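Engineer: Sharing a structure here in structure tokens format.
Number of protein chains: 2
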Amino acid sequence: MSNYKINSALLCEAFKALSNPHRLALFNRLLNCCAPGTKCSPAVAVRYCVGELGEGLDIAPSTLSHHLKELNRAGLVEMERKGKNVECWVEPAKLAKLTTFFKPVQND
Amino acid sequence: MSNYKINSALLCEAFKALSNPHRLALFNRLLNCCAPGTKCSPAVAVRYCVGELGEGLDIAPSTLSHHLKELNRAGLVEMERKGKNVECWVEPAKLAKLTTFFKPVQND
DNA sequence: TTTATAGTTCGACATATTTCGAATTATAAA
DNA sequence: TTTATAATTCGAAATATGTCGAACTATAAA
């Protein structure tokens, strides 16, 4: 099977979501739980609440909320309310789909 | 080594380039030289000229040119004039960098 | 019940993007 | 040299995006 026709509309939405510096930073923060050099092998997807994700980004809460909504809409980030907070995480399965796109066609 | 700090500005440019349906289609055309089911194992990157890439996309030549310029600027597509035509192709090394981003952090 | 904290929605405004047609450049063919 | 083909540049217009503050909702704590 080749990657000739992955649903390009969905793919395009994913790339659009990652095309903004703030959203890319947010997504990256969810992907990379650890600072360089530290040990970290999460069995389960890492979770951050909205506020934590926005730290150091210097954007208004409403803007932060908007960007996370976009990442969620694009299917890249999951969100779930936990008490006063809303937790965010990335499902590893979603990543796999994206990497598939960049792999060259495989035929034998 | 982790992917903690890939140059996010460059990465962002790449995703922005792929965030437009027409540009994604153009890039995909360069990635997937073959129709599904056919045999195809290109030793060298596949090349299309600008006009060929635009076929069936129903956009003006100026728009096509603009989009390819964007893909080139983002470092995703190489371009070189060959006579009357301008040939376009994707360097496999560029793809590798993008896939790295989506891979989870590896620490041992 | 009142108050505080976390996050979202809405409307407005500035900026960026997409697209086209007209004019232009580069190359090859007649 | 003149003509045709391939592609690019430029300017303009329509649309989309990023951002904020104000007002609002959801939940927990006092």
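In the order they appear, the protein sequences are chains A and B.
Everything in the first sequence is counted per my numbering, starting at 1 for the first residue and increasing by one.
Everything in the second sequence is counted per my numbering, starting at 109 for the first residue and increasing by one.
Glycine is no exception: its CB is placed at the ideal position from the N, C-alpha and C atoms.
The structure presented is a predicted model; accordingly, all values stated were derived computationally and were not measured.
#1: Mind checking which residues open and close the alpha helix (DSSP H) that includes A/V50?
#2: Hey, how far is the Cα of A/S65 from the Cα of B/D166?
#3: According to DSSP, is B/K190 part of a helix, a strand, or is it coil?
#4: Using a cut-off of 8 Å between C-beta atoms, extract the partners of A/T99 located in chain B.
#5: Mind checking if A/A93 is an interface residue toward chain B, Cβ cutoff 8 Å exclusive?
#6: Less than 8 Å between the CB atoms is what I'm expecting for B/H175 and B/N128, so what's the real figure, rounded?
#7: Taking buried to mean at least 16 other C-beta atoms within 10 Å of its own C-beta, is B/A204 buried or exposed?
#8: Compare the C-alpha of A/C114 against each of A/N7, A/H22, A/L10 and A/F27 and name the closest.
#9: Give the secondary structure of A/E70 by DSSP, where H, G and I count as helix, E and B as strand, and everything else as coil.
Structural biologist: Taking the geometry as given:
#1: V50 to G54
#2: 37 Å
#3: strand
#4: T207, F210 and K211
#5: no
#6: 7 Å
#7: exposed
#8: Nothing about residue 114 of chain A can be read from this structure; chain A reaches only from 1 to 108.
#9: helix
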